[in-house]
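My numbering numbers the first residue of the sequence shown as 1 and each following residue consecutively.
Contents: one structure, followed by commentary.
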Amino acid sequence: MGAHTAVARPPGPARPDPGAAPGSGGPRKRRDDRRVAWLFLAPALAGFALFYAYPTVRGVYYSLTDYNLLAAPDFTGAENYRDLVSDEQFWNALKVTGYYVVVNIGAQTVLGLLLATLMHRLTRSVALRAMLLLPWLVPNVTVGLLWLWLLDTNLGFVNHVLNALGMGTTGFFSSPDWAMPSIAAVNTWAYTGYTALLLYAGMLQIPQHLYESASLDGAGEFRMFTRITLPLLRPVLALVLVVSMIGSFQIFDTIAVTTRGGPVGATRVIYYYIYEQAFTYFHMGYASAVAVMLALILGVLTAVQMRLLRASRSDLA
């Protein structure tokens with residue numbers, strides 16, 4: 001027989017690139033997608049770098065200097081931090097802040113849980129939710145001025161009622177014993193509704209059939225709350241506690257328009273102390289050191305809180 005003759009085969013479809021994802025259009029398409037993604041991220045990253053990262057780095061640098069706005073910063077190393085450790089006013093401000101944080105978070109969380117449970121189990125009125133959110137929408141300065149008038153010793157509505165009941169007047173903002181509890185009460189009024197709505201949103205994620213099964217087994221409302229609602233609400237509760245803690249440490253507006261840190265330092269919280277050091281005495285370097293220390297304290301407390309509540313693992317999963 002003769003030599004074998006090669007038979008030409010019709011061209012088949014191109015073999016797909018094994019490294020390309022289905023429908024991705026190949027490496028060039030993926031590179032274009034990444035460029036577009038970075039373009040969309042660029043404004044947010046620029047804002048973060050300009051308004052968060054850069055001020056943070058500058059603040060840490062200023063905390064290592066003697067800086068008063070009138071002259072160039074003079075590098076002093078850790079001197080501000082050594083002064084901070086022996087500063088009684090700093091520790092008193094931290095103690096006052098800690099007292100406020102505990103009272104404020106405790107009151108907001110308990111009242112928020114109560115209101116959220118009532119909305120979840122009894123009524124889901126949109127009007128009620130709007131009413132709860134209204135105080136939170138009012139600016140803090142306005143809230144402070146409103147309650148400064150309501151609790152005024154001579155002209156305040158609350159003291160007018162107390163006088164009518166024969167209970168005498170109380171210096172809510174002028175008494176060292178009453179000033180901080182009054183501040184805590186004002187902010188509890190302003191933020192409890194927001195806390196309740198966050199917890200209520202978490203409760204809506206709990207499967208309804210769990211309550212129905214528990215009810216058929218004879219469980220009452222309190223037992224369902226402790227055995228179903230609280231355990232499954234743990235991730236949301238952790239978020240609420242962390243946000244409330246950070247917000248409580250940052251209290252400034254209400255104190256600035258009511259007590260201004262008084263009387264006799266009873267309401268001089270850490271944020272107001274930083275403000276005084278920076279803008280009253282112009283100790284910018286020392287104020288930056290206090291701010292850095294506060295950031296470290298908040299970071300540690302947040303990590304501990306999240307760890308204790310194991311907020312990264314949801315019982316709903």
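Quick reminder that beta carbons are idealized off the backbone N, C-alpha and C, glycines included.
Only a predicted model underlies this, so the values are computations on that prediction, with no experimental measurement involved.
- In the DSSP assignment, T65 is bridged to F75.
- Fully contained in the segment 156-219 are the following alpha helix (DSSP H) runs of length 4 or more, in chain order: 157-164, 179-203, 208-216.
- A straight-line Cα-Cα distance of about 14 Å links G59 and D74.
- For R28, the uninterrupted alpha helix (DSSP H) segment begins and ends at 27-48.
- Nearest neighbour of S215 by Cα position, chosen from I228, Y52, L204, turns out to be I228.
- One Cα belongs to D217, the other to H209, and the distance between them is close to 12 Å.
- When the Cα atoms are used, T258 and R223 turn out to be separated by approximately 43 Å.
- Here L122 is exposed. Its C-beta has fewer than 16 other C-beta atoms within 10 Å.
- Here Q277 is actually not in contact with A266; their C-beta atoms are around 18 Å apart, not less than 8 Å.
- G112 sits close to V240, with the two beta carbons spaced by under 9 Å.
- With contact defined as three or more Cβ pairs closer than 8 Å, the segment 141-154 and the segment 243-259 are in contact.
- The beta carbon of P176 sits closer than 8 Å to those of P263, V264, A266, all from its chain and outside the five residues before and after it, given in chain order.
- Boundaries of the alpha helix (DSSP H) around N104: 88-121.
- Between the alpha carbons of T195 and A71 lies a distance of about 45 Å.
- Rounded to whole angstroms, the separation of the alpha carbons of P139 and F252 is 12 Å.
- Counting along the chain, V290 sits inside the alpha helix (DSSP H) bounded by residues 284-309.
- Inclusion of F172 and T153 in the CB contact set at 9 Å is warranted, their separation being smaller than that value.
- Exclusion of the five residues before and after T169 leaves T153, N159, L162, N163 as the residues of its chain whose Cβ lies within less than 7 Å of its Cβ.
- For D66, the closest of V290, L298, G285 by C-alpha to C-alpha distance is G285.
- With respect to the C-alpha of G106, the residue from S248, R28, G299 having the closest C-alpha is S248.
- Close CB contacts of W136 within its chain, under the 8 Å cut and outside five residues either way in sequence, are with A190, Y191, G193, Y194 (chain order).
- In this structure, DSSP gives S248 a helical state, which the three-state scheme calls helix.
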